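K.L.:
Next up is a structure, given as structure tokens.
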Amino acid sequence: MLLYITADDVLGSGSPEGRGPRPLHAIPGTLVGLFDLGLRHHVRAAVMRWWKGETLETVPDWTLDRLAIRFALFGRERLGLEPGGRVAVLGPLGWLWPVVDFASMGFGVLPVGLEHDLSDDAVAAVVAEAAPRAAFGTDGPSAARLLRLRRSGRLGGATVVGEGLAEEPGVVPLGSLVDLAAILDTAERAASFRAFSRQIAPASAALWHAGPRGLVRLTHEEAMADVSLDLRSRPARESDVAYVDGPRATLRKRLGIAAFVGDGYTTTILGRDGHAAEDVTALQPNKVVASEPWLAEACRGRAPRWPPVLERRWARRRVQAVLGGRIRWVEVSRAIPDETGRALAAAGVAVHGRDGASSQVS
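Each residue of the sequence shown is one higher than the one before, counting from 814 in our numbering.
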């Protein structure tokens, strides 16, 4: 499903703060401070773009702002989420990941991310440690999986939220949450969310993330050390477009999205599984954050039994055709083959990595 928020919705519950365009001069000390700052200065036409079926929806910054506030208000008033509490997110990369991240952090709630292909045992182990009050499935299969885990006693007392669910005790269909959250969204409540979010301390817990390498726990200060490095070393420009590949929602992608939202300039496109090459060719981003398989998919195709020298030349041309042009840099979580690296360099694309002991973020 897709959430539609109209201008009437916003004007009826407190219009967005109309402070003129301003670049990111000072970097906040928290992820939620970055989110708050990035959405207060309306330079870009869209802060994000995400897919609904075959349609790529455009999301203005004020829409993302209201969406996060509504989810935060529902969590506090209907799910009983309090500062220091936890909420889980399970499933492929999609709009629920950034919305739940920003909504949770704004009221001091810890979002616990669970990558979509973790085993049931791994999910149950993280849930047992985190004891989340609610668990969101980012698509229908993920929501159904959470419901199955709850019914088998492996999800603790977490309320399950997601698409395709029937309302019952401990289960909230996503559509019902959206409808009720819109009712809760008043100017006074939105102001309380913003006021609370601006008091979050850098030393407080920001998020957890569970993936193949285990469970990573970050404070805002630790998370912002990584994000600040990106913002300073690769400053955003007006009209920047970032492509974040799917389906894997890694910790690096979560932090990358926070940086893109916060820089005030970048439009972030959430990618589709199996469509990287066509999306990048059609959408022409100038920066990419990706998992290891992305590059192979974006440059997919095989030379038909050519000699190795000709295959290497063909691969370079394929990389240049797909990734050349607007793209300034690609960030991948692991090392790429030397031949691919040379092809990227020939196409004028810088490669950045998050591999090794220099960073705990992957």
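Cβ coordinates follow ideal geometry from the N, Cα and C atoms, glycine included. Just so we're clear, the structure is a prediction, and the values are computed from it rather than from any experiment.
Give the DSSP-derived three-state secondary structure of THR959 in the structure shown.
P.N.:
To locate residue 959, count along the sequence shown from 1; it is residue 146. Sequence check: residue 959 is Leu here, not Thr. Correct three-state label for LEU959: helix.
K.L.:
On a Cα-Cα basis, can you pick out the residue from LEU1042, PRO1025 and LEU1020 that is closest to HIS1033?
P.N.:
As a position in the sequence shown, residue 1033 is number 220, starting the count at 1. Residue LEU1020 is the option with its Cα nearest to HIS1033.
K.L.:
Could you name the residues of the same chain whose beta carbon sits closer than 6 Å to that of GLY846, not counting the 5 residues immediately before and after it, in chain order?
P.N.:
The count along the sequence shown starts at 1 and reaches residue 846 at position 33. No residues qualify anywhere along the chain.
K.L.:
What are the start and end residues of the beta strand (DSSP E) that includes LEU923?
P.N.:
By 1-based counting over the sequence shown, the position of residue 923 is 110. Unbroken beta strand (DSSP E) run through LEU923: 923-927.
K.L.:
Fully enclosed by the region 964-1017, which beta strand (DSSP E) runs are 3 residues long or longer?
P.N.:
For the region 964-1017, whole beta strand (DSSP E) runs of length 3 or above, ordered along the chain, are 972-975 and 984-986.
K.L.:
Let me check understanding here. Comparing Cα to Cα, which of LEU1083, SER1104 and ALA1160 lies closest to GLY866?
P.N.:
Your numbering for residue 866 matches position 53 in the sequence shown. Of the candidates LEU1083, SER1104 and ALA1160, the one whose C-alpha sits nearest the C-alpha of GLY866 is LEU1083.
K.L.:
Which of the three DSSP states is assigned to LEU886 in this structure?
P.N.:
By one-based count along the sequence shown, residue 886 stands at place 73. Reduced to three states, the DSSP call for LEU886 is helix.
K.L.:
For a test of the three-state rule: what should DSSP assign to VAL1162, helix, strand or coil?
P.N.:
Taking the sequence shown and counting its residues from 1, the one referred to as residue 1162 is at position 349. Correct three-state label for VAL1162: coil.
K.L.:
Does GLY1166 get closer than 8 Å to chain B when you measure Cβ to Cβ?
P.N.:
Here there is only one protein chain, and chain B is not present.
K.L.:
Could you give the uninterrupted runs of the alpha helix (DSSP H) lying entirely in the region 1020-1102, keeping only those of 4 residues or more?
P.N.:
Whole alpha helix (DSSP H) segments, 4+ residues: 1033-1046, 1064-1075 and 1089-1096.
K.L.:
What three-state label does DSSP hand VAL940 in the structure shown?
P.N.:
Within the sequence shown, numbered from 1, the residue matching residue 940 stands at position 127. Note: VAL940 maps to helix in three-state DSSP.
K.L.:
Hey, is the region 952-960 in contact with the region 975-991, meaning 3+ C-beta pairs nearer than 8 Å?
P.N.:
Segments in contact, yes.
K.L.:
Just to confirm before moving on: does the CB-CB distance between ASP874 and ARG857 stay below 8 Å?
P.N.:
Residue 874 sits at position 61 when you count from the first residue of the sequence shown. Residue 857 sits at position 44 when you count from the first residue of the sequence shown. Yes, Cβ-Cβ distance for ASP874 and ARG857 is below 8 Å.
K.L.:
Among the candidates HIS1165, ARG1067 and GLY897, whose CA atom is the shortest distance from the CA of GLY907?
P.N.:
Position 94 of the sequence shown, counted from the start, is the residue given in the question as residue 907. Ranking HIS1165, ARG1067 and GLY897 by Cα distance to GLY907 puts ARG1067 first.
K.L.:
According to DSSP, is LEU877 helix, strand or coil?
P.N.:
For the purposes of this step, residue 877 is taken as the residue at position 64 of the sequence shown. The answer is helix: DSSP assigns LEU877 an H, G or I state.
K.L.:
Let me know the secondary structure DSSP gives SER1146 once reduced to three states.
P.N.:
As a position in the sequence shown, residue 1146 is number 333, starting the count at 1. In this structure, SER1146 counts as coil in the three-state DSSP scheme.
K.L.:
In three-state DSSP terms, what is VAL845?
P.N.:
Within the sequence shown, numbered from 1, the residue matching residue 845 stands at position 32. Here VAL845 sits in helix by DSSP.
K.L.:
Keeping to the same chain, check which residues put their C-beta closer than 8 Å to that of GLU870; ignore five residues upstream and five downstream.
P.N.:
Along the sequence shown, one-based indexing puts residue 870 at 57. Within the same chain, GLU870 has close Cβ partners LEU815, ARG862, TRP863 and TRP864.
K.L.:
Just confirm the distance between the C-beta atoms of GLY1075 and LEU909, as a whole number of angstroms; I'd bet it's less than 8 Å.
P.N.:
Within the sequence shown, numbered from 1, the residue matching residue 1075 stands at position 262. Within the sequence shown, numbered from 1, the residue matching residue 909 stands at position 96. Wrong, their Cβ atoms sit about 19 Å apart, outside the cutoff.
K.L.:
Go through its chain and collect everything with a Cβ distance to GLY1136's Cβ below 6 Å, but skip five positions before and after it.
P.N.:
On the sequence shown, residue 1136 is found 323 positions in, with the first residue counted as 1. A quick correction: the sequence has Leu, not Gly, at residue 1136. Only ALA1160 and VAL1162 meet the Cβ criterion.
K.L.:
Just to confirm the assignment, what range does the alpha helix (DSSP H) spanning PHE915 have?
P.N.:
Position 102 of the sequence shown holds residue 915. 909-919 is the extent of the alpha helix (DSSP H) around PHE915.
K.L.:
For the beta strand (DSSP E) holding LEU903, just list the boundary residues, first then last.
P.N.:
As a position in the sequence shown, residue 903 is number 90, starting the count at 1. Where LEU903 is concerned, the enclosing beta strand (DSSP E) stretches over 899-903.
K.L.:
List the whole-angstrom C-beta distance separating SER955 from HIS929, where the pair is believed to meet the contact cut-off of C-beta under 8 Å.
P.N.:
Sequence index remark: in the sequence shown, residue 955 carries index 142 (1-based). Sequence index remark: in the sequence shown, residue 929 carries index 116 (1-based). Rounded, the Cβ-Cβ distance is 6 Å, consistent with contact.
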